[in-house]
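Participant: One structure follows; several queries about it will come next.
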Amino acid sequence: ETRLDPKYLGGIDYFISSIMFEKGGKKAQDRYSERLYLMNGLTTYFYRPINGPKEDFSFGSVGIPPGNNIYLCPQVLYKIHPDFDDLVINILIADMFGRVVFPVAQQDEWT
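See below:
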């Protein structure tokens, strides 16, 4: 037994998702044992950045030479499935001037 055993948690009553993520709208409930709560928009909220972009920023200042193609993946590395590696590799094989950029996590040990 672990503390993750459902009898300790009391079960999950609701699953929060979005009409943007669920096929079939309200019929999506059929795929869940929990009560499905569908939001109209994204299920996340992002605060406006406190600090704007640095005036003197350049891609060269972070090690990306001029003339390179930049592919932004706006997801921190610890949330990316290992199978995604093959996709990134194929992009970089196809584009010898490509650079894939990921954001840094809030905690250094997560990146």
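Under my numbering, the first residue of the sequence shown carries the number 904, and numbering increases by one thereafter.
Idealized CB from N, CA, C, for every residue including glycine.
This structure is a prediction, so every number in the text was calculated from the model and none was measured.
(1) Does DSSP put I919 in a helix, in a strand, or in coil?
(2) Return the first residue and the last residue of the beta strand (DSSP E) that L941 is part of.
(3) Output the residue ranges of the beta strand (DSSP E) runs that lie fully inside the region 949–1005 and measure 3 residues or longer, sorted by chain position.
(4) Let me know the secondary structure DSSP gives G927 once reduced to three states.
(5) Roughly how many angstroms separate the alpha carbons of V979 and A1008, rounded to a whole number?
(6) Checking 8 Å against the spacing of the C-beta atoms, do T947 and I919 come in under that value?
(7) Please classify Q932: does DSSP put it in a helix, a strand, or coil?
(8) Excluding the five sequence neighbours on either side, which residues of its own chain have a C-beta within less than 8 Å of the C-beta of S964, listed in chain order?
(9) Taking 8 Å as the threshold (C-beta atoms), are G1001 and N954 in contact?
Facilitator: In brief:
(1) strand
(2) 938–942
(3) 972–975, 1001–1004
(4) coil
(5) 6 Å
(6) no
(7) helix
(8) none
(9) no
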